[in-house]
Structures are given as structure tokens and as C-alpha cells.
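**Student:**
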Amino acid sequence: MERNRKVRRVLAAMLAANWAVAVAKLAFGLLNRSASVTADGIHSFIDGSSNILGLVAMTAAARPADEDHPYGHGKFEAIASLGIGAMISIAMVELGRMAIDTLIHGRHPEVTPTMAVVMLLTLGVNLVVTRVERHYGHQLKSTLLLADANHTLSDVYVTLAVLLSLALVWLGYPSADGVIALVVMVFVARVAYDIIRQAVGILSDTARLDVTQVCELTLSVPGVRSCRDVRSRGMEDSVYVDLKIEVDPQLSTAQAHEVADRVEEKLHTAYSQVVDVVIHVEPAPARLSKASS
């Protein structure tokens, strides 16, 4: 619980930083009619959205399963992801219109020293956010923080591309603004696709673990004769697994239960993301017993 609270505090701080950056970029991009700066602002907005998803995930993880949600509340994150994906899609339509309009009508932004300073400052903020998240990600052993740090790092590269477009516009190449905006739009589309694909995968109970690998691990446990009907679902960092194993029919109920416990321990050790394992124990057919003897 303490680790959970620390991760949430870091995410909340990063959310404030990312959205401050997004507001600054969007404001200057729209005021100065810069498609590339506006595109970068939308990308920063996505970074803030990922922080919200992280907060939802960690808050949901802190809530125990209840009568209405026996498997926990993790899917609320997927629902939020779909909402963010929809917002990004709407923003991309407007961004595409703005970029194409810039290219067709030869409109170009007014590049001012203030805009350049703002972009450089936001670049610095993104670098600090990436460094802080990576530091606490390693310290708290949080895959969520490390993944979000990499996501924010991508915003650094996008901002560098936008700064290049502003320099080209200032040098007399106004079409660079629209071209860079379209490039950023493709990049944002990829991020939006990944968000929606992950959310749909969670909501549709896509398998999370490799069946063959799970069976190999299970069969390596002494006492297990066979493994079948392996199923897994859930989120990437909280997976639920159920499977069937066959054991020697001569084993007592207590002995068969001990075998199942060893299988559960094996899977928890191999997959840190597994939070629950349900094992159905069945007696092996008589022919298997004879073959083993």
C-alpha cells in the first residue's frame, strides 16, 4: 500500500507537469497558427492522459475485490483508455485539417522568440519528467513509471522535430510547419492505436500468457501428469490464470492439493504479473498411472 501511494504521488506530479507543458504548447500553437506546435501540444496532452490512466490503475489496484467486482476494478482503466483514444481521434481530425490547410493555402506561423523560448522550456520540463519517473521507477520497481518515462521521452523527440520546423519556417520554408505537423500526426496516430488496441484487448479478455510456456512450467512440477485448458486474462500487470492438471489418482485430497499449491507457486515465481491462479485438479486416467509405474 505504501509503494502504491508513492507511485501515485509521482504520477500526480508528472500529470501536473505534462499538462502544464500541453497547455503552453497548445496556447502558443493556436495563437500563432502553428500546426506543428499544436500537434506537439496534443502529443503532450496524451502524455498527461497516460498519467491519468496510471492513477486510475494504481487507485483501482488499491481497491480490493468486492461482491460486485470479484476480479477487481482493473478494467476501469481500459474504459478510460477508450475515452482518451476517442478524444485523441477527434483532435487528430482537427489537426489534419489544420496541417492540410497550411500546406494548400501557404499559411505559415509567426515564429517569435517567445515561442522558441516556450518550446525550449517545455523541452527541459519533459527531460526532467523523464529523469524523475525513471529514477522512481527503478527505486520503486514500478513497470508503470518506467513505461511512462519512455512515453514522455518520445515527446522530447517530437518537440525537437517541432523546433526544427520553426527554424525552417524562420529561414523561409513555411511549408515545413505543415509537413512536420503531418509527421507528428502519424506518430500520434500510432500512440492512439496502441492505447485503443490495449484497451480492447483487456475488455475482450485477450490471452495474456503463452499456453505452451505455462504448460511447460506446470509439467516441471513433480506430481503433475498433464496440463490442459490453460486460460489467462486481465491487464498486463495483473493477470488471472486458470488451468486443469491431472495427478496420480492414488493421491489423497491433501496430497493433490499440495501439488496444486506447488504449481501456483511456480507460476507466481515465473510471472510477476500473475495475481491469481485457479487450478482444477483431476485424476489421471488409469493408463497414465500404469505407464508411470
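Residue numbers (the UniProt record's numbering): 1 to 293.
Note that CB positions come from ideal geometry on N, CA and C, so glycine has one too.
#1: Find out if the Cβ-Cβ distance for the pair F28, M92 is shorter than 8 angstroms.
#2: So what does Y240 bridge to, in DSSP terms?
#3: Indicate whether V186 and Y240 have their beta-carbon atoms separated by less than 8 angstroms.
#4: Label A167 either buried or exposed according to how many other C-beta atoms from any shown protein chain fall within 10 Å of its C-beta, with 16 as the threshold for buried.
#5: Between R228, A207 and G178, which has its C-alpha nearest E216's C-alpha?
#6: On the DSSP letters alone, give me the boundaries of the alpha helix (DSSP H) that R262 sits inside.
#7: Alpha helix (DSSP H) containing D248: first to last residue?
#8: Look at the alpha carbon of V278 and the alpha carbon of A199, and state the distance between them as a whole number of angstroms.
#9: So, under 8 angstroms CB-CB, S44 and A22 are touching, yes? Tell me the CB distance rounded to an integer number of Å.
#10: Take the Cβ of A291 as the centre, count every other Cβ of all protein chains shown within 10 Å, and call the residue buried at 16 or more, exposed below.
#11: Report back the beta-carbon spacing between V211 and L267 to the nearest angstrom; my notes put them in contact at under 8 angstroms.
#12: Since G201 is in the alpha helix (DSSP H), which residue starts that stretch and which ends it?
#13: Among residues of its own chain, excluding the 5 on either side of S175, which ones have a beta-carbon nearer than 7 angstroms to its beta-carbon?
#14: What are the partner residues of R9, as DSSP defines its beta bridges?
#15: Starting from the C-beta of L288, find all residues in its chain whose C-beta is less than 8 angstroms away, skip the five residues before and the five after it, and write them out in chain order.
#16: So, helix, strand or coil for R228, using DSSP?
#17: Where does D205 land, buried or exposed, given buried means 16+ other C-beta within 10 angstroms?
#18: Do Y157 and L145 have their CB atoms nearer than 8 angstroms?
#19: Using the rule of at least 16 other Cβ atoms within 10 Å of the residue's Cβ for burial, across every protein chain shown, is L123 buried or exposed?
#20: At a cut-off of 7 angstroms, is V125 close to the ligand FAD when judged by its beta-carbon and the heavy atoms of the ligand?
#21: Since E133 and V10 should fall inside the 8 angstroms C-beta cutoff, what is the C-beta to C-beta distance between them, to a whole number of angstroms?
#22: Ends of the alpha helix (DSSP H) at Y136?
#23: Is it buried or exposed, D155, if we count other Cβ atoms within 10 angstroms and call 16 or more buried?
#24: Where S252 and S220 are concerned, what is the direct C-alpha to C-alpha distance, given to the nearest angstrom?
#25: With DSSP as the reference, identify every bridge partner of V211, one or two as the case may be.
#26: Select from V129, L182 and E258 the residue whose C-alpha is nearest the C-alpha of W19.
#27: Indicate whether at least one CB of chain B lies closer than 8 angstroms to the CB of H135.
#28: Alpha carbons only, please: which of K75, D40, Q139 and L15 is nearest the one belonging to S49?
#29: Of the residues L82, K75 and A24, which one's Cα is nearest the Cα of Y193?
#30: Can you say whether I197 is buried or exposed, counting buried as having 16 or more other CB atoms within 10 angstroms of its CB?
**Tutor:** On the basis of the data shown:
#1: In this structure, M92 does not lie closer than 8 angstroms to F28 by Cβ.
#2: R233 and D276
#3: For the 8 angstroms CB-CB criterion, V186 and Y240 do not form a contact.
#4: Result: exposed.
#5: Nearest option by C-alpha distance: R228.
#6: T253 to A270
#7: From DSSP, D248 is part of no alpha helix (DSSP H); its letter is neither H nor E.
#8: About 24 angstroms.
#9: 4 angstroms
#10: The predicted model places A291 with a pLDDT of 39, which falls under 50 and marks its position as unreliable; any figure quoted below should be read in that light. When all chains shown are included, A291 counts as exposed.
#11: At roughly 13 angstroms, the Cβ-Cβ gap does not stay under 8 angstroms, so V211 and L267 are not in contact.
#12: S175 to L203
#13: L103
#14: DSSP lists no partner for R9.
#15: Its pLDDT being 45, under 50, L288 is placed unreliably in this model, and the coordinates cannot settle the point.
#16: Reduced to three states, the DSSP call for R228 is strand.
#17: It is exposed - the Cβ of D205 has fewer than 16 other Cβ atoms within 10 Å.
#18: Between Y157 and L145, the C-beta spacing is not below 8 angstroms.
#19: buried
#20: This structure lacks the ligand FAD, and indeed carries no ligand of any kind.
#21: So it is a contact: roughly 7 angstroms between Cβ atoms.
#22: P113 to Q139
#23: buried
#24: 21 angstroms
#25: Beta-bridge pairing links V211 to no other residue.
#26: The candidate whose alpha carbon is nearest that of W19 is V129.
#27: In the displayed structure, chain B is absent; only one protein chain is listed.
#28: For S49, the closest C-alpha among the options K75, D40, Q139 and L15 is that of L15.
#29: L82
#30: Note on identity: in this sequence residue 197 is Arg, with Ile being the wrong assignment. It is exposed - the Cβ of R197 has fewer than 16 other Cβ atoms within 10 Å.
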